[in-house]
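Numbering (this note's numbering), first residue to last: 58 to 266.
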């Protein structure tokens, strides 16, 4: 056990009070003693403040990010979604009046981020299921080949992703689920526009055994 000194006291006492510890010839005069208070060393805290643009993640906790909003969201089933962050480039759009089909949490799909090129989220190393939530909500997109992009999730590439086709039309929720293994502390997703802008409504990061 490591020790460190917390208090230093200097005392001057008559030498004769030390009794048998000193020979009689030294029972006159004063002696100075250093009295030290000793206590166990307390380990330094290992909890550093998170870097800018990241959030601390509790072990085993699911991260939910609403990509098109700057305020937290509670969905229709009570799920808590963090505001949009950790995206590079792009802009956001919120359409709160939209009716979204094929989902029990339509509020998650009423906003979007579009035109982004990259997303990075700091998370502990381990296995995760990443769910990307999409919906065609821009009224000008009314058929295939109008919203096509590619994206890469930790090295797994999705080429020529036609959102209108995947979702089965406009105003319909679509979820792409991707298992990933994180080894460097970062979840990285890259986006490349092909026809129109890349767009996304939300991201879920779910720890796996």
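Glycine included, C-beta positions come from ideal geometry on N, C-alpha and C.
The Cβ atoms of residue 178 and residue 252 do not sit closer than 8 Å to each other.
The beta carbon of residue 161 sits closer than 8 Å to those of 133 and 134, all from its chain and outside the five residues before and after it, given in chain order.
In the DSSP assignment, residue 220 falls within the alpha helix (DSSP H) that extends over 220-224. Between the stretch 238-253 and the stretch 162-170, the count of Cβ pairs shorter than 8 Å is below three; the stretches do not touch.
DSSP lists 244 as the beta-bridge partner residues of residue 178.
Fewer than three beta-carbon pairs drawn from the stretch 194-211 and the stretch 136-149 are found closer than 8 Å, and the two stretches are therefore not classed as touching.
Of 145, 220, 141 and 157, the smallest CA-CA separation from residue 172 is found for 145. The shortest C-alpha to C-alpha distance from residue 130 to any of 259, 217 and 118 is the one to 259. For residue 195, the secondary structure class from DSSP, reduced to helix, strand or coil, is coil.
When DSSP states are grouped into helix, strand and coil, residue 163 belongs to the helix group.
In the DSSP assignment, residue 236 falls within the unbroken beta strand (DSSP E) covering 231-239. Comparing alpha carbon positions, the residue from 231, 212 and 142 closest to residue 219 is 231. Its Cα nearest to that of residue 217, the residue 249 stands out among 249, 175 and 266.
In the structure shown, the three-state DSSP call for residue 183 is strand. By the Cβ neighbour-count rule, residue 244 is buried, with 16 or more other Cβ atoms within 10 Å of its own. Taken through DSSP and simplified to helix, strand or coil, residue 157 comes out as coil.
In the displayed model, residue 207 falls within a strand according to three-state DSSP. In the DSSP assignment, residue 259 falls within the beta strand (DSSP E) that extends over 259-264. In the three-state reduction of the DSSP assignment, residue 150 falls in the strand class.
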